[in-house]
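Add 219 to the 1-based position in the sequence shown for the numbering used here, that's all there is to it. For each residue, glycine too, the CB sits at the ideal point set by N, CA and C. All values reported here derive from a predicted model rather than from experimental measurement. These notes are about the structure you will find just below.
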Amino acid sequence: MPGLNGRVGAVAVPAYFHPAAVDWAALADARLGVVVLNVDSGAGTVRDRAFAEVASRASDAGVRLAGYVDTAYGGRPACEVEDELVRYRTWYGIRMAFLDQVSAEPGHVLRYRRITAGARGRGMTRIVLNHGTYPDAAYSGLADLLVTFEGPWSAYRHLRVPAWARRLPAERFCHLVYAAPRPVLSRALARAERCNAGVVYVTDRTGANPWDGLPEYFSSELALVYAER
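Laid out in structure tokens, this is it:
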């Protein structure tokens, strides 16, 4: 996931939509930093053939898939998180974990150290922690990628980056921005660079789940991010 010296180097897509959606065809792009597979607010309780086919096609195209698991801000037992990750690995061949609703509080660092250690012990080779905000700096040592912003463009315009996050490589940080109409796409990507986020996703979608489809300008977003690659 390139993104050196503050440059946005990769697009990450939370693909929280049905495997029959035509949007999956647009995600067969090996340049993408990560595509998050979310079967049923997690791995589900049985293997879903349609999702397995989507995962297989994406993997064959060189796409890096991550399995979505909700950690309930540290409220879920580590063993439950590990079991879901094993299902992703066994049923869908996924070895990257996207842990959602991750606490940002220093008091939960030890809990997440156990969770991430358990995830790696169960075969996860990369771990993404989605805090949705900047967490305590200690979390930076637990994962390969931290999602330190998830919210609308109206809030992203005023984001402030803590000093500790500016000292780390941009490729360690991801920002997920929704409710961003086409005219602000370039501004949103430029703001990501100024905020030292090397991995980004910007969408014009809104509502309770702005990740249920790709933005109207997705091809333009890829062209802007990967223009020099």
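Alpha-carbon spacing of residue i relative to residue j, whole angstroms
i, j, result
"P325", "D302", "25 Å"
"M220", "A416", "Low confidence applies here, because M220 scores a pLDDT of 38, under 50, leaving its location unreliable and the question unanswered by this model."
"L365", "A229", "14 Å"
"R226", "G294", "35 Å"
"G222", "L348", "Residue confidence for G222 is low, a pLDDT of 38 falling below 50, so the modelled location carries little weight and cannot support an answer."
"T335", "A389", "21 Å"
"N428", "Y235", "8 Å"
"W430", "A239", "15 Å"
"H377", "C393", "16 Å"
"N224", "R306", "Its pLDDT being 45, under 50, N224 is placed unreliably by the model, and the measurement read from it follows with that caveat. Taking the straight line joining both Cα atoms gives about 37 Å."
"P434", "L387", "29 Å"
"W243", "R308", "20 Å"
"G432", "L256", "13 Å"
"H237", "S275", "15 Å"
"E412", "V273", "32 Å"
Residues near residue i by beta carbon distance below 7 Å, same chain, minus five either side
i, result
"G261", "Y287, V288, D289, E303"
"A277", "L246, A247, V254, L284"
"A271", "W310, Y311"
"D355", "A323, E324, P325, V328"
"N369", "Residue identity check: residue 369 is Glu in the sequence provided, not Asn. Contacts found: N349, G351, L395."
Beta carbon of residue i nearer than 8 Å to that of residue j
i, j, result
"V265", "R283", "no"
"Y353", "A384", "yes"
"A357", "V300", "no"
"Y375", "R250", "no"
"R341", "L361", "no"
"D363", "I346", "yes"
"A231", "V418", "yes"
"S359", "R391", "yes"
Cut-off 8 Å between Cβ atoms - residues of its own chain near residue i, not counting five sequence neighbours on either side
i, result
"P371", "V396, Y397, A398, A399, T425"
"L443", "L404, S405, L408"
"Y436", "R401, L404, D423"
"A291", "Q320"
Closer than 7 Å: residue i CB and nearest the ligand PLP heavy atom
i, result
"P233", "Annotation note on the ligand PLP: not contained in the displayed structure, which lists no ligands."
Beta-carbon proximity list for residue i, same chain, < 6 Å, skipping 5 on both sides
i, result
"V258", "D267, F270"
"A297", "R333, I334, G337"
Is there contact between the stretch 314-325 and the stretch 275-282, where contact requires at least three CB pairs shorter than 8 Å? No, the stretch 314-325 does not touch the stretch 275-282.
Length at least 3, wholly inside the stretch 249-296: the beta strand (DSSP E) runs in chain order: 253-256, 284-289
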